[in-house]
Structures are given as structure tokens and as C-alpha cells.
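Engineer:
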Amino acid sequence: MNLLRTLLAASLAVAVVSACSGDGPDLDRTASGASEQPSGSAPAAEASASAAPPAAASPAPVAALPPQTLSAPAFPANTATDTEEPAGGILGVTAMRAARQQGYDRVVFQLGGKERGAPGWRVGYTDQPTQDGSGDPVKVAGSAFLSVVLTGTGYPMDTGTTEPSPRRLAPKGTGLVKEVVFDGVFEGQTAAFIGLSAQRPFRVFRLADPARVVVDIRHR
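For the sequence shown, my numbering assigns the number 4 to the initial residue and increments by one for each residue that follows.
#1: Which first and last residues belong to the beta strand (DSSP E) in which ASP186 is found?
#2: In the DSSP assignment, find the beta strand (DSSP E) that holds ASP219 and state where it starts and stops.
#3: So, helix, strand or coil for THR162, using DSSP?
#4: Rank GLY187, ARG119, TYR158 and SER168 by C-alpha distance to the C-alpha of VAL151 and give the top, closest one.
#5: Taking all protein chains shown into account, do 16 or more other C-beta atoms lie within 10 angstroms of the C-beta of LEU179, making it buried, or fewer, making it exposed?
#6: Identify which residue in ALA173, ALA144 and GLU88 has its Cα closest to the Cα of PRO122.
#7: Considering only the beta carbon of each residue, do ARG109 and ASP219 sit closer than 7 Å?
#8: Looking at C-alpha atoms only, which residue of GLY92, ALA147 and GLY155 is the closest neighbour of ALA194?
#9: Going by DSSP, which residues form a beta bridge with GLN113?
#10: Is GLY91 near THR164, with beta carbons less than 7 Å apart?
#11: Closest to THR158 by C-alpha separation, out of ILE93, SER137 and ASP85, would be which residue?
#12: Are the CB atoms of ALA77 and ARG221 nearer to each other than 7 Å?
#13: For the candidate residues ARG215, VAL217, VAL216 and VAL207, whose alpha-carbon lies nearest to that of ASN3?
#14: Excluding five sequence neighbours on each side, which residues of the same chain lie with their C-beta closer than 8 Å to the C-beta of GLY176?
#15: Under 7 Å between the Cβ atoms of PRO132 and PHE196?
#16: Might you give, ordered along the chain, the residues of its own chain that have their beta carbon closer than 6 Å to the beta carbon of ALA147, omitting 5 neighbours on each side?
#17: Indicate the three-state DSSP secondary structure (helix, strand or coil) for GLU118 in the structure shown.
#18: Give the secondary structure of VAL141 by DSSP, where H, G and I count as helix, E and B as strand, and everything else as coil.
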């Protein structure tokens, strides 16, 4: 009886050992195999993501440009000599005026005479103001000088006019004009000079009733 029990106990122990260490599945390999994919394939989510076109990159912010400080010129002008022919009767300069305008300085030469006429001119920059006839230097305030020669003019005895007095005008509040100097009449031409703080573009035109020659000098 004891021998039979001993044999039955031994047989049962062998069966238990065989169940635990025999031909059962490999859990580590099974878990590892479940996470792998065949060569050349990809997970569904990854494949979908790679097929979709890449999202457009957001444009980089553009820095705001600084505000422009340039202003349009007050009128077309340049620094070249300007000329015009006279017409009608001879005239004489009776007054000079100068004042600051928006963006430019204006110098006006007013003329009169026994007969109606339209003065001509030759206006341009000169390095050194000089007197007609003698060639003597004329002192004019400023560092740039416009020579103003009015044509179709005559002496007071011929025009019946009186020359401007004083012969030097130093305006206040102008941006460029330092002095306007009346030099006088010589051989049918009346000379004057405009002294400026700097050389700038200018224009010349005439007005009527009374006759006037206007010189506008731009501030820039």
C-alpha cells in the first residue's frame, strides 16, 4: 500500500513539471512579434499621415516700413539759367519784395513805365556778383547768389519811374533769401542780385497789371 502511494505521488509530480516547462507558447516572442510590421509596410496612422500634403508654413511677419518723410516739390524747378524776351514799351523797376511761402521763398520785382510792356529776364547762379560795366564786385549777403538781369528796361528819365529805395532789402522770416540788392540800369538792362543761404532750384515768370517778374526759390 505504501509502495503504491509512493508511485502515484511520483507520477503526479512528473506531470506537473511537464506542464510548466514543456512545449507551451513563448510569451516574450509573441509580444515582440505583435509589435512588428512586415518589411516595407507602415502602420495605418503613419501611412495616412505621410500621404497627406504637408501643411503650408505660416508666412513670416513683415516688419512695418517707417513712414515716409519726403514731400512733393512745391513746383517744377531746376538750377539752370532761365531767359525770356521782353515785349512792348520799356519799363523801370519801382519796388522789390521778398517773403516766405509754403515750401519756397518768393522775390518780386515790380515795374512801371510810360507805355505798357512785358519785361524779359536772364536769371541764373553766379559765383561772384559783379557790377555791369565796371565789373566791380557787389557785396551781397549769403553763400549762393542769383543774378537777375531784367531786359526791356531803361533809365528813370526814359520810363518816368523812380528806382526802389532802399536799394538793399533784407527780408525777415524767409527760408533761403538773405538779401536782395538793386544794382541799377546799364544799356537797357537792370541788374539785381538775390543772396541765398544755399543754392536751390528756382523758377521765373511774369505777371501783369502791374508788370512784375517773380523769382521763386524752392527750400529743397
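Virtual Cβ for every residue (Gly too), placed ideally from N, Cα, C. The structure displayed is predicted, hence computed values, not measured ones.
Structural biologist: On the basis of the data shown:
#1: By one-based count along the sequence shown, residue 186 stands at place 183. DSSP places ASP186 in the uninterrupted beta strand (DSSP E) bounded by 180-189.
#2: Counting from one through the sequence shown, the residue named residue 219 turns up at place 216. Note, ASP219: beta strand (DSSP E), 214-221.
#3: If you number the sequence shown from 1, residue 162 lands on position 159. DSSP places THR162 in helix when its eight states are reduced to three.
#4: Taking the sequence shown and counting its residues from 1, the one referred to as residue 151 is at position 148. For the residues GLY187, ARG119, TYR158 and SER168, the minimum Cα distance to VAL151 belongs to GLY187.
#5: Within the sequence shown, residue 179 is the residue found at index 176, counting from 1. That one is buried.
#6: For this step, residue 122 is matched to residue 119 along the sequence shown. Comparing Cα-Cα distances from PRO122 to each of ALA173, ALA144 and GLU88, the minimum goes to GLU88.
#7: Position 106 of the sequence shown, counting from 1, holds the residue named residue 109. Position 216 of the sequence shown, counting from 1, holds the residue named residue 219. For ARG109 and ASP219, yes; Cβs fall inside 7 Å.
#8: Reading the sequence shown from its first residue, position 191 is the one you call residue 194. Checked all of GLY92, ALA147 and GLY155; the closest Cα to ALA194 is GLY155.
#9: Reading the sequence shown from its first residue, position 110 is the one you call residue 113. Its beta-bridge partners are ALA98 and ARG215.
#10: Against the sequence shown, residue 91 aligns to sequence position 88. Against the sequence shown, residue 164 aligns to sequence position 161. Against a cut-off of 7 Å, the Cβ pair of THR164 and GLY91 comes out as no contact.
#11: As a position in the sequence shown, residue 158 is number 155, starting the count at 1. According to the sequence displayed, residue 158 carries Tyr and not Thr. Among ILE93, SER137 and ASP85, the Cα nearest to that of TYR158 belongs to ILE93.
#12: Here residue 77 is taken as the residue at index 74 of the sequence shown, counted from 1. Here residue 221 is taken as the residue at index 218 of the sequence shown, counted from 1. Going by C-beta atoms, ALA77 is nearer than 7 Å to ARG221.
#13: Residue 3 cannot be examined here, being either before or after the span of the chain that is shown, 4 to 223.
#14: Translated into positions along the sequence shown, residue 176 becomes position 173. Counting only Cβ-Cβ distances below 8 Å, and skipping sequence neighbours, we find ALA102 and ARG103.
#15: Taking the sequence shown and counting its residues from 1, the one referred to as residue 132 is at position 129. Taking the sequence shown and counting its residues from 1, the one referred to as residue 196 is at position 193. Contact flag set, yes.
#16: For the purposes of this step, residue 147 is taken as the residue at position 144 of the sequence shown. The residues are LEU199, ALA201 and GLN202.
#17: The residue you call residue 118 lines up with position 115 of the sequence shown. Looking at GLU118 - three-state DSSP - the assignment turns out to be coil, as it is neither helix nor strand.
#18: Reading the sequence shown from its first residue, position 138 is the one you call residue 141. Reduced to three states, the DSSP call for VAL141 is coil.
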